[in-house]
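Protein chains in written order, with the working numbering: chain S, 1 to 343; chain W, 344 to 686; chain B, 687 to 1018; chain R, 1019 to 1350.
Beta carbons are placed, not taken as given, at the ideal position from N, Cα and C, and that holds for glycine.
The block underneath contains the structure these notes are about, expressed in structure tokens.
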Amino acid sequence: MATAGKAVVAQQQTNLPFAYRQYSAAELKEALRKMYLIRRFEEGAEDAYMRGLIHGTMHLSIGQEASAVGICMPLSEDDQITSTHRGHGHCIAKGADVKRMFAEFFGKTTGYCKGRGGSMHIADVAKGNLGANGIVAGGIPIAVGAALSAKKLRTGKVVVSFFGDGANNEGAFHEALNMASIWSLPVVFVCENNGYGMSTSIERSTAVRSVADRAAAYGMPGVVVDGNNFSAVAEASQAALARARRGEGPTLIESKTYRYRGHSKSDRNRYRTKEEIEDWMTNRDPIALFEAELVELGIIDQAGIEAVREAVRKEIVEGIEFAKESPMPDMADRERYVYTEAA
Amino acid sequence: MATAGKAVVAQQQTNLPFAYRQYSAAELKEALRKMYLIRRFEEGAEDAYMRGLIHGTMHLSIGQEASAVGICMPLSEDDQITSTHRGHGHCIAKGADVKRMFAEFFGKTTGYCKGRGGSMHIADVAKGNLGANGIVAGGIPIAVGAALSAKKLRTGKVVVSFFGDGANNEGAFHEALNMASIWSLPVVFVCENNGYGMSTSIERSTAVRSVADRAAAYGMPGVVVDGNNFSAVAEASQAALARARRGEGPTLIESKTYRYRGHSKSDRNRYRTKEEIEDWMTNRDPIALFEAELVELGIIDQAGIEAVREAVRKEIVEGIEFAKESPMPDMADRERYVYTEAA
Amino acid sequence: MDASVRELSYAQAIQEAMALAMEADERVFLMGEDIGVYGGAFQVTGDLVERFGPDRVMDTPISELGGAGIAVGAAMTGLLPIFEFQFSDFATLAMEQIVNQAAKMRYMLGGEVSVPVVMRFPAGSGTGAAAQHSQSLEAWLGHVPGLKVIQPATPYDAKGMLLAAIADPDPVMIFEHKLLYKMKGPVPEGHYTVPIGKAEVRREGRDLTIVATSIMVHKALEAAAALQGEGIDVEVVDLRTVRPMDKATIIASVKKTSRLLCVYEAVKTLGIGAEVSAMVAESEAFDYLDAPIGRLGGAETPIPYNPELEKATVPQVPDILAAARDLVKGRS
Amino acid sequence: MDASVRELSYAQAIQEAMALAMEADERVFLMGEDIGVYGGAFQVTGDLVERFGPDRVMDTPISELGGAGIAVGAAMTGLLPIFEFQFSDFATLAMEQIVNQAAKMRYMLGGEVSVPVVMRFPAGSGTGAAAQHSQSLEAWLGHVPGLKVIQPATPYDAKGMLLAAIADPDPVMIFEHKLLYKMKGPVPEGHYTVPIGKAEVRREGRDLTIVATSIMVHKALEAAAALQGEGIDVEVVDLRTVRPMDKATIIASVKKTSRLLCVYEAVKTLGIGAEVSAMVAESEAFDYLDAPIGRLGGAETPIPYNPELEKATVPQVPDILAAARDLVKGRS
Ligand SMILES: Cc1ncc(C[n+]2csc(CCOP(=O)(O)OP(=O)(O)O)c2C)c(N)n1
Ligand SMILES: Cc1ncc(C[n+]2csc(CCOP(=O)(O)OP(=O)(O)O)c2C)c(N)n1
Ligand SMILES: [Mg+2]
Ligand SMILES: [Mg+2]
């Protein structure tokens, strides 16, 4: 997405939330489209999984779309991200093609990882997504390493490291944030706090109230943001990016959000109440909230929304079709990609 | 050492520093003796090393004696500690016999580890020292585990985990402090900040000014104390122990101190100035400071000091003699102690 | 159902062992990620938290290194922790505590402490969870003196070996193949132990010894049944313990059959089969060998996501058949 | 001194390789603990920080997992990091990043990235540093597809293989025995490479092949010289690369000599010798064997502090002599 669009909305109204001052109507509609695309993609993947077309496991980020899209909104295509086991949203937000994502989930050679990685390793290196990661907090040091490259090679890139609240108790989090800070690296740490690491609530796992409170231990700003509010997320991201680009070092953003689905496909949902889930779904849905704002501000109307939904529906259908029809890996290629082939 | 001695000094003067209100003259003299014992022990070990009687490497804590003795002062014999590669002082402060320490350094069967461990693994389990550790921060989770035992088995023990400033950037530090806090375990974390992790100053390694600043990230009190001031250290230790015994959980004490010698036997001392070392040795020596206070308060006189020094000298000579004359391990015992022998 | 032939799944057998030990001894407790109300990623702890409470079925934060270290410290000071890694792959984060601390503590301290910790490692491929959730790393720990390393292959052994592990004064590492969790088999009620360090001859035969580990024991037995029809009489030895290895049982079997095939899921190079083969090749059984020592291990690649590729990455029954025929037929 | 026969220590050879690579390519840089002004715990980086500055000779905090991960991330995005573990034992803290990330990243991402990181592991016993500072863990990494693992035994190879490692697009792990650092040997000036994956016959012989690794190559050569006097003609193969192993050279040697002894310092069980032995026992060379395959590895204990015990824990020249005589004399 563009770093700074023409702020058409802002020309009329200056008291508006950040996103409406910062982005053009087209950009905002594109953001809505991406949020829908993420949700429908995951619903499609879930459906395919239920029907046995996709195997393994998967972690859905339904309910967290504003966080992924908001954070990526101010990123340039050159900027990079590292993602997590719950990484479909990040991947789409960073510009991936759902065709190749579905193809990956179907284990096909046309997938982003040629069928070797699956959901937990979905990546789109060309668009700057260095990959989801099956290891909680595993991507955090890698993001810092990418930021070290950006600094040393003077590419101007900023790297965003996504991780969950559960990850903040891993040693890798601690070590990586400390080093990013002492070396003033251009990296933004984004903790998507959905309240639970699998079944363990943040209250039971973490000795501080807010993950952002830990930023002080690394001498960096810690920012808490409503992760279901697209504009708020984008604003925090923009500020952290700007700081990183000025060479002032990292920021820790805590994006408070919620996942609607179970942790993965094996979750009996015993650790939280139906009421809690209902409440988030009914009153704080990130897409509904964003859509309502867009309508209220006259940026989109019902027909426009329908058009977005329809376009997304079509993209999903085509994506699944593409995946189904793509070829399976050749068994003769079993040993490929382990080492770099001689040029 | 006794948890609370009869506070004879305090009977006269109530504005005195903690130690003089809290401990009897005999206890205070014993503390001085231990500080001397640590210093002379390490000088003796250094000398033996230079003369080829001890091999391997060693890490001397000369200059840090008030920290070890002050922290252990309010501990009961049942309380436990975990220690570090720079662990001679902790071992002596917790009550070890220098005979068996020297014997260990000489690789003899009479040593605390029967010659298997050496300086880096010196321990005295009977006195509650669960061992030095060759892995920076390696002992921290172990201390938390011991505290878990204390809590579950209701032994009333408190566990002190010693570590250096360098250790505070290890993931193990982060994970262990978080868990100790969420489970309110009876453990005291003591960071002996001597300004350097090997050659790397705390400023170059750590994104906060004070290690104690990180306590907030674990929801526990963080206390900075002058590690060369015996009374100040003992006071902080006492408060943290009391908190732990009340079931309120851990404390992080940062004891600011300095090591006079190089990091280990291979140090060229290129990362700090002669002036800095001189300054600490001349103006902030923990033994000199403590001794001066004791004299000023009339707790000890020159003859008394000489008597302490002489007793320590003798103990060291005897310790080295004991070590020299002790037997080497039997080669037939090579495979012992790997697994627990059937009873 | 008759109690003596009662069938339990492998996961249930493990759960029962833990429950029995916790009932019998207050010092036994469980630590791990999501082992409480979630019941464990593979439902091995199941409802134990309801029976024993959250103090004895302790959910940890996602902190493998610290968690393992806490278990080590607790074991050194009077408790008997059973620590679950959610996937054995995550033990890569805790190798320091396992290898530098748990394994060596007693030795470094000249015998002054023991470290009676049990660690459980759900391992192996076959679940479509790709490269970071499917490894078999038992060979690493098998290389480490001070540890005991076991790989029970049946529900019966899972329960009995876990009870032996809990009673053991030293650190015991249990590798549990995830695909075995649902496998059922007879499991007696009550307390019994299966000794650590003893292999088990699962099937007697004269023509070829197959030493297999974990899930491969079942594949080997399947292959052996098929080979019987071809006139090849296979002896299947279930290794059960990686460290200390039961050399005597393997050597005796090879002396009888004169042929050896090792089958294991882990990456072939430097996997368990390397040690079994080398142990035989340096032993008195060498003189009895009538054929090269065969090895079937995993491919020299990470575990792929695609299910077909995934299957092709670890030995399957047809691979065993082919390897066995090769060893037996190629020779007199 | 003639430049062509110039002698350098092993540590100097490594330092020279790093300096050459840093001069030739801006993307090459060093990361590690105390590698800057301290010069490294073993003085391998020495004064490089003065030549290249602290941005290219980066002291890290004591954070092995994070540091290794940063090196991996940097390697994925255009840099060529050389990461030093202060002692290989501390790599136990970083196995996650080495094994789950560096080794598998290219594969998991279907070939879309490479991870050209080099990691250096000072390893081995003999310095009196006891159990947590003396391990030899190369077998662990040799078990991991996606990594290349080397163990140069001479200053010449140290420089040439390190330069090959830096040029290699994939992660290369270098195990350097600490007792070799001061050993001197001829090292040409300027750039040259020694290929990864090729063993080297250090001494030709007819009666027995000794495959040795790292410091054991020198002990094996010493033993071979002594055995010559007894009429035993030993061929010494320096393995040099653990993964991928040079099977062809070993098999050819065993076919020639008909006897094999593997000598390595790591714990015997599941060490490199297990793989070398098993690889030969399953190969065509099996038919050429006139004796069991001998193995000499480290004792099944942690490394002790006491110097006499320490020596007794790893193979020494007399052990090699005895094992060699046994293999040769006991047979026709
Ligand atoms: C190192 C490691 N430990 C444990 C797991 C198993 N696991 C996968 S996701 C997860 C929960 C992660 O929680 P969080 O970081 O909050 O992310 P969320 O799933 O909520 O998005 C766990 C325990 C893992 N993949 N890696
Ligand atoms: C995990 C680990 N990394 C590195 C080392 C090497 N090392 C030993 S002591 C030390 C410095 C420790 O500094 P600090 O914690 O401040 O303790 P100090 O030596 O100052 O007492 C280092 C880097 C080690 N022993 N363990
Ligand atoms: Mg979460
Ligand atoms: Mg220090």
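{"Asked": "Closer than 7 Å to chain S by CB, W:Ile525", "Found": "yes"}
{"Asked": "Distance between S:Asp267 and S:Gly5 (C-alpha atoms, nearest Å)", "Found": "Residue placement at S:Gly5 is flagged as unreliable, the pLDDT there being 38, under the threshold of 50; the coordinate-derived value follows with that caveat. Near 41 Å, if we compare the C-alpha coordinates of S:Asp267 and S:Gly5."}
{"Asked": "Local Cβ density within 10 Å of S:Pro327, reported as buried at 16 or more and exposed below that", "Found": "exposed"}
{"Asked": "Neighbour flag for W:Thr605 against chain R, beta carbons, 7 Å", "Found": "Position check: residue 605 of chain W holds Gly in this sequence, whereas Thr was assumed. Not an interface residue."}
{"Asked": "Proximal residues to W:Asp421 (C-beta, below 6 Å), its chain only, five neighbours per side dropped", "Found": "Lys500"}
{"Asked": "Residue-chain proximity (S:Arg214, chain W), Cβ-Cβ < 7 Å", "Found": "yes"}
{"Asked": "Bounding residues of the beta strand (DSSP E) (the contiguous stretch that carries W:Ala583)", "Found": "That residue, W:Ala583, is in no beta strand (DSSP E); its alpha helix (DSSP H) goes 573-588."}
{"Asked": "Straight-line gap, S:Glu325 to S:Val98 (C-alpha atoms, nearest Å)", "Found": "14 Å"}
{"Asked": "Cβ-Cβ separation, B:Ile748 to B:Glu719 (assumed contact under 8 Å), whole Å", "Found": "6 Å"}
{"Asked": "Counted within 10 angstroms of its Cβ, other Cβ atoms place S:Ala311 as buried (16 or more) or exposed", "Found": "exposed"}
{"Asked": "Alpha helix (DSSP H) runs contained entirely in the region 1145-1212 of chain R, provided each spans 4 or more residues", "Found": "1156-1160, 1173-1185"}
{"Asked": "Under 8 Å from the C-beta of R:Ser1081: neighbouring residues of chain W", "Found": "Asn512, Glu513, Gly514"}
{"Asked": "Chain W contacts from the region 1149-1161 of chain R (Cβ-Cβ distance under 8 Å)", "Found": "Ala1149, Gln1150, His1151"}
{"Asked": "Segment contact flag, the region 404-416 of chain W with the region 378-395 of chain W, C-beta cutoff 8 Å, min 3 pairs", "Found": "yes"}
{"Asked": "Three CB pairs or more closer than 8 Å across the region 158-165 of chain S and the region 186-205 of chain S", "Found": "yes"}
{"Asked": "Beta strand (DSSP E) runs wholly inside the region 910-935 of chain B, at least 3 long, in chain order", "Found": "920-924, 927-929"}
{"Asked": "Bridge partner(s) assigned by DSSP for B:Asp745", "Found": "B:Gly718"}
{"Asked": "Extent of the continuous alpha helix (DSSP H) to which B:Phe769 belongs", "Found": "From DSSP, B:Phe769 is part of no alpha helix (DSSP H) but of the beta strand (DSSP E) over 766-770."}
{"Asked": "Cβ pair R:Glu1283, R:Gly1316 closer than 7 Å", "Found": "yes"}
{"Asked": "Residue span of the alpha helix (DSSP H) that contains S:Asn178, given as start and end", "Found": "171-182"}
{"Asked": "N-terminal and C-terminal residue of the alpha helix (DSSP H) that S:Gln80 is part of", "Found": "Segment 80-82 is the beta strand (DSSP E) holding S:Gln80; no alpha helix (DSSP H) there."}
{"Asked": "Proximity test, W:Asn626 beta-carbon vs ligand 3 heavy atom, cut-off 6 Å", "Found": "no"}
{"Asked": "Touching by the beta-carbon criterion (3+ pairs, under 8 Å), the region 380-389 of chain W and the region 574-592 of chain W", "Found": "no"}
{"Asked": "Opposing strand residues paired with W:Asn687 [DSSP bridges]", "Found": "Since the first residue shown for chain W is 344 and the last is 686, residue 687 of chain W is missing from the structure and cannot be characterised."}
{"Asked": "Residue range of the unbroken alpha helix (DSSP H) whose run includes W:Lys442", "Found": "441-448"}
{"Asked": "Inter-residue spacing [alpha-carbon to alpha-carbon] between B:Ile936 and B:Gly726", "Found": "36 Å"}
{"Asked": "Under the three-state DSSP convention, the category B:Asp893 falls into", "Found": "coil"}
{"Asked": "Chain-ordered neighbours of R:Val1055 on chain W, where CB pairs are closer than 7 Å", "Found": "Ser542, Arg613, Tyr614"}
{"Asked": "Unbroken beta strand (DSSP E) run spanning W:Asn536, endpoints", "Found": "530-536"}
{"Asked": "Under 8 Å by beta carbon: chain B residues contacting R:Lys1122", "Found": "Ala817, Gln818, Pro988"}
{"Asked": "Chain-ordered residues of the region 1308-1341 of chain R with a beta carbon less than 8 Å from chain W", "Found": "Ala1317, Glu1318, Thr1319, Pro1320, Pro1322, Tyr1323, Asn1324, Pro1325, Glu1326, Leu1327, Ala1330, Thr1331"}
{"Asked": "Buried versus exposed, by CB contacts within 10 Å (16 or more), W:Thr600", "Found": "buried"}
{"Asked": "S:Thr340 and R:Asp1188 closer than 7 Å at C-beta", "Found": "yes"}
{"Asked": "The region 466-484 of chain W contacting the region 431-440 of chain W, beta-carbon criterion three pairs below 8 Å", "Found": "yes"}
{"Asked": "DSSP beta-bridge partners of R:Cys1280", "Found": "R:Val1229, R:Arg1313"}
{"Asked": "Cβ-heavy atom distance, S:Arg272 to ligand 1, below 6 Å", "Found": "no"}
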